[in-house]
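Undergrad: Chains as they are written, first to last, in my numbering: chain U, 1 to 271; chain H, 1001 to 1174.
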Amino acid sequence: MQQLLRIFFTNGSFFTFVALQLLSLYCIISFNSPQKAIAAETWSIRAGSVRSATETARSYLDLEQENEALRQEVARLRQQSPESLYATERIVDSFRDETFVQRYNFLTAHVVNRSPYRPNNTLIIDRGKNLDVRPGQGIVSPTGIVGIVDQVTGNHARVLSVLHQSIRISAGLASGAFGTLRWDGRDPRYVTVTDLADYIEVQAGDTIFSTGYSNVFPTHQVIGFVVDSEVQPGTGSQNLTVALSNKPVEESNVFVVQDLFKDELSDLATE
Amino acid sequence: MGGSDPISNVVRFVLLLFVQVILFRQVSLGLGGAASLAIIVSPLFIALLPLRTPLPLVVVFSFLLGFGTDLFYESLGVHMAAATFTGYARQFVLRLLEPRDGFKVKASPEGRDLGFSWWMKYVGMMLGVYLIWYFSMEAFSPVFWRSIALKTVVSLPVSWVVCMVFVTLLRPRI
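(1) Quick check for students: name the residue ranges of the beta strand (DSSP E) that lie wholly in the stretch 107-164 of chain U, counting only runs of 3 or more.
(2) Given that Met1080 (chain H) touches chain U, what residues does it touch there, using C-beta distances under 7 Å?
(3) Identify the contact partners of Phe1085 (chain H) in chain U, using a Cβ-Cβ distance below 8 Å as the criterion.
(4) Per DSSP, which residues does Phe178 (chain U) bridge with? Please list them.
(5) Might you give, ordered along the chain, the residues of its own chain that have their beta carbon closer than 8 Å to the beta carbon of Ser59 (chain U), omitting 5 neighbours on each side?
(6) List the residues that DSSP assigns as beta-bridge partners of Gly224 (chain U).
(7) Along the chain, where does the alpha helix (DSSP H) that runs through Asp267 (chain U) open and close?
(8) Run down chain H in chain order and give the residues with a C-beta less than 7 Å from the C-beta of Phe31 (chain U).
(9) Taking only beta-carbon positions, decide if Ser44 (chain U) is within less than 8 Å of chain H.
(10) Can a CB atom of chain U be found closer than 8 Å to the CB of Phe1013 (chain H)?
(11) So Ile145 (chain U) and Phe217 (chain U) are in contact, right, with Cβ under 8 Å, and what is the actual spacing, rounded?
(12) Does DSSP put Val101 (chain U) in a helix, in a strand, or in coil?
(13) To the nearest angstrom, how far is the alpha carbon of Phe8 (chain U) from that of Pro1056 (chain H)?
(14) Contact check, Phe225 (chain U) vs Gly205 (chain U) under 8 Å by CB: the rounded distance?
(15) If we define contact as Cβ-Cβ less than 8 Å, is Pro1050 (chain H) a contact residue for chain U?
(16) Leaving out the 5 sequence neighbours to the left and right, which residues in its chain are closer than 6 Å to Leu1131 (chain H) when beta-carbon positions are compared?
(17) Quick check on the burial criterion: 16 or more other C-beta atoms within 10 angstroms. Buried or exposed for Leu61 (chain U)?
(18) Ignore the nearest five residues each way along the sequence and tell me which others in Thr194 (chain U)'s own chain have a CB closer than 6 Å to its CB.
(19) Can you give the Cα-Cα distance for Glu1138 (chain H) and Glu73 (chain U), rounded to whole angstroms?
(20) Cβ closer than 8 Å: which chain U residues qualify as neighbours of Ser1141 (chain H)?
(21) Is the Cβ of Val1201 (chain H) closer than 8 Å to any Cβ of chain U?
(22) Could you tell me the alpha carbon to alpha carbon distance between Ile1174 (chain H) and Phe1018 (chain H), rounded to whole angstroms?
(23) What are the boundary residues of the alpha helix (DSSP H) that Asp1070 (chain H) is part of?
(24) So for Asn32 (chain U), helix, strand or coil by DSSP?
(25) Within 8 Å of any Cβ in chain H, is that where the Cβ of Thr48 (chain U) sits?
(26) What residues of chain U sit near Pro1056 (chain H), judged by a beta carbon separation below 7 Å?
(27) Val1059 (chain H) versus chain U: which residues are under 8 Å apart at the beta carbon?
(28) Are the beta-carbon atoms of Asp198 (chain U) and Gly234 (chain U) separated by less than 8 Å?
(29) Consult DSSP for Leu1127 (chain H) and reduce its assignment to one of helix, strand or coil.
(30) Note down the Cα distance separating Ala109 (chain U) from Asn253 (chain U), rounded to an integer number of angstroms.
(31) Considering just the uninterrupted stretch of the alpha helix (DSSP H) at Phe1045 (chain H), what are its terminal residues?
(32) What residues of chain H sit near Gln35 (chain U), judged by a beta carbon separation below 7 Å?
(33) Quick test of your reading: Ala1097 (chain H) and Lys1121 (chain H), contact by CB under 8 Å. State the CB separation rounded to the nearest angstrom.
(34) Does chain U have any CB closer than 8 Å to the CB of Glu1098 (chain H)?
(35) Taking contact to mean at least 3 C-beta pairs separated by less than 8 Å, is the stretch 6-21 of chain U in contact with the stretch 1068-1086 of chain H?
(36) Straight-line CA distance for Phe31 (chain U) to Gly1077 (chain H)?
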């Protein structure tokens, strides 16, 4: 304050001059018609730019609200973009016939997420409870099996991959002999079929099919091909090493297998 | 009326004001009003204020002089602005023209220890400042800079001569 006063006193003549000059200008504009006209004209010319300058300043102060409004607009538009949509259309491959009754529905699905490769692999598909996906339904690809549905939410399902150590699938040969398919958690190209009677003749290259006994996969879905067989001494069974016909860790377009007879069959099994 | 005491200054104020508005205003009016010539002597009052006058007071006195002139010129504000500006500019003109050993602070810009050529320069600059500002305020737009310059160029020598006559008459006793 003191400094301010000192500035005022040392520049007293300047402030007096400015004040009196402004007063003079006011008098000039107020009491002289030519100058008044000039001032009015100048003002009308300059007013536009002055107004636009103040408008710029004011809109700058509004930037925060503007930004928020734009962000809301972006969010709204992103909601409309195709990536944000969940396709509910389904292509159900079924038909009505006098001779045959539909047993399996195939529901297209995409793999939208998968666990990093490890001994227990899982993956997520974009089909869920809303489309009647239930735990226990099988997932197949055009060339082999992929896994079994484990948990279901409204729009998505978690699938235990065939490359999961706790998976058990009923698999057999064309002859009808069958065993249990499992994975030992090592090589993703090979699975093992156990509990196959040791007297059954198996050649390398024989095809392994799903049996359909567990109501998960349709009967005669190709799983893979026998690479090697090994009799387990003392158990009366042999183990088959099977090369998978597909690559479960790379599948992205899959089908959900919905067994329409599942309830009926499981009722019988428990009785 | 030649001294640096308050009475002399008041006398100069009244005298110069009346000479200006009664005598020299008729000159410009007599030339038809459209003439570029204006004989201005009132700034001489500002120039002859004592050196030790506080600077804000110089500005205030100049303003009063301009106000008085405007009352008779029926152009309230124009002479006010010019005189105020001249009063403010006086300190810079004096600083510019300061002799090597400085002014004798006890009195006005003194004719006695300052030569005629110094007075010529001093009055000329004061008049120039006044006239430029006066004609600018009269035109009130930089668009008319040609007319402002013409009027200044025409009026300055005449006013200068008249002012120097006054200074010569008054100088020995200022």
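The beta carbon of each residue, even a glycine, is placed where N, CA and C say it ideally should be.
TA: This is what the structure gives:
(1) 120-125, 138-141, 144-152, 157-164
(2) Counted from its first residue, the second sequence places residue 1080 (chain H) at position 80. Ser24, Cys27, listed in chain order.
(3) The residue you call residue 1085 (chain H) lines up with position 85 of the second sequence. For Phe1085 (chain H), the C-beta contacts it makes with chain U under 8 Å involve Phe17, Gln21, in order along the chain.
(4) Within the first sequence, the letter at position 178 stands for residue 178 (chain U). The partner list for Phe178 (chain U) (beta bridge, DSSP) reads U:Gly172.
(5) Taking the first residue of the first sequence as position 1, residue 59 (chain U) is located at position 59. Correct list, in chain order: Glu66.
(6) Start at 1 with the first residue of the first sequence, and residue 224 (chain U) comes out as number 224. In DSSP, Gly224 (chain U) forms a bridge with U:Ile208, U:Leu244.
(7) Taking the first residue of the first sequence as 1, we reach residue 267 (chain U) at position 267. Unbroken alpha helix (DSSP H) run through Asp267 (chain U): 262-270.
(8) Taking the first sequence and counting its residues from 1, the one referred to as residue 31 (chain U) is at position 31. Residues of chain H passing the Cβ test: Leu1076, Gly1077.
(9) As a first step, residue 44 (chain U) is located in the first sequence; it is residue number 44 there, counting from the start. Chain H, which has no Cβ nearer than 8 Å to the Cβ of Ser44 (chain U), makes this no.
(10) For the purposes of this step, residue 1013 (chain H) is identified with residue 13 of the second sequence, where counting begins at 1. No, Phe1013 (chain H) lies away from the interface with chain U (no Cβ there is under 8 Å from its Cβ).
(11) Here residue 145 (chain U) is taken as the residue at index 145 of the first sequence, counted from 1. Here residue 217 (chain U) is taken as the residue at index 217 of the first sequence, counted from 1. Between Phe217 (chain U) and Ile145 (chain U) the Cβ distance is about 6 Å, and since that is below 8 Å, they are a contact.
(12) As a first step, residue 101 (chain U) is located in the first sequence; it is residue number 101 there, counting from the start. If DSSP states are grouped into helix, strand and coil, Val101 (chain U) belongs with coil.
(13) Within the first sequence, numbered from 1, the residue matching residue 8 (chain U) stands at position 8. Within the second sequence, numbered from 1, the residue matching residue 1056 (chain H) stands at position 56. Each residue's Cα considered, the two are about 11 Å apart.
(14) Your numbering for residue 225 (chain U) matches position 225 in the first sequence. Your numbering for residue 205 (chain U) matches position 205 in the first sequence. At roughly 6 Å, the Cβ-Cβ gap stays under 8 Å, so Phe225 (chain U) and Gly205 (chain U) are in contact.
(15) To locate residue 1050 (chain H), count along the second sequence from 1; it is residue 50. No, no contact with chain U.
(16) Here residue 1131 (chain H) refers to the residue found at position 131 when the second sequence is read from its first residue. Cβ neighbours of Leu1131 (chain H) beyond the five flanking positions: Thr1152, Ser1155, Leu1156.
(17) As a position in the first sequence, residue 61 (chain U) is number 61, starting the count at 1. Exposed is the call here.
(18) Here residue 194 (chain U) corresponds to residue number 194 of the first sequence, with the count starting at 1. These residues qualify, in order along the chain: Gly179, Thr180, Asn239.
(19) The residue given as residue 1138 (chain H) occupies position 138 in the second sequence. The residue given as residue 73 (chain U) occupies position 73 in the first sequence. Going by the C-alpha atoms only, they are around 57 Å apart.
(20) Numbered from 1 along the second sequence, position 141 holds the residue referred to as residue 1141 (chain H). Per Cβ cutoff of 8 Å: Ile38, Thr42.
(21) The requested residue 1201 (chain H) does not occur in the structure, where chain H is confined to residues 1001 to 1174.
(22) In the second sequence, counting from the first residue as 1, residue 1174 (chain H) sits at position 174. In the second sequence, counting from the first residue as 1, residue 1018 (chain H) sits at position 18. Reliability fails at Ile1174 (chain H), whose pLDDT of 40 lies under 50, so the model's placement of it is uncertain and the value that follows must be treated cautiously. Phe1018 (chain H) has its alpha-carbon roughly 19 Å from the corresponding atom of Ile1174 (chain H).
(23) Locating residue 1070 (chain H) in the second sequence gives position 70, counting from the first residue. Segment 1055-1073, the alpha helix (DSSP H) holding Asp1070 (chain H).
(24) One-based indexing of the first sequence puts residue 32 (chain U) at position 32. If DSSP states are grouped into helix, strand and coil, Asn32 (chain U) belongs with coil.
(25) The sequence position of residue 48 (chain U) within the first sequence is 48, counting from 1. Rather than Thr, the amino acid found at residue 48 (chain U) in this sequence is Gly. At a cut-off of 8 Å between beta-carbon atoms, Gly48 (chain U) makes no contact with chain H.
(26) For the purposes of this step, residue 1056 (chain H) is taken as residue 56 along the second sequence, with counting starting at 1. Simply Gly12, Ser13, Thr16.
(27) As a position in the second sequence, residue 1059 (chain H) is number 59, starting the count at 1. The contacting residues are Ser13, Thr16, Phe17, Leu20.
(28) The residue given as residue 198 (chain U) occupies position 198 in the first sequence. The residue given as residue 234 (chain U) occupies position 234 in the first sequence. Not closer than 8 Å, so no.
(29) By 1-based counting over the second sequence, the position of residue 1127 (chain H) is 127. Residue state for Leu1127 (chain H) is assigned as helix, using DSSP reduced to three classes.
(30) Here residue 109 (chain U) refers to the residue found at position 109 when the first sequence is read from its first residue. Here residue 253 (chain U) refers to the residue found at position 253 when the first sequence is read from its first residue. The straight-line gap from Cα to Cα measures roughly 6 Å.
(31) Counting from one through the second sequence, the residue named residue 1045 (chain H) turns up at place 45. Residues 1043-1047.
(32) Sequence index remark: in the first sequence, residue 35 (chain U) carries index 35 (1-based). In chain order: Phe1140.
(33) Along the second sequence, read from residue 1 onward, the residue named residue 1097 (chain H) stands at position 97. Along the second sequence, read from residue 1 onward, the residue named residue 1121 (chain H) stands at position 121. A small fix is needed here, since residue 1097 (chain H) is Leu in this sequence, not Ala. Confirmed, about 6 Å.
(34) Residue mapping note: residue 1098 (chain H) aligns to position 98 of the second sequence, counting from 1. No, no contact with chain U.
(35) yes
(36) Against the first sequence, residue 31 (chain U) aligns to sequence position 31. Against the second sequence, residue 1077 (chain H) aligns to sequence position 77. Approximately 8 Å, taken between the alpha carbons.
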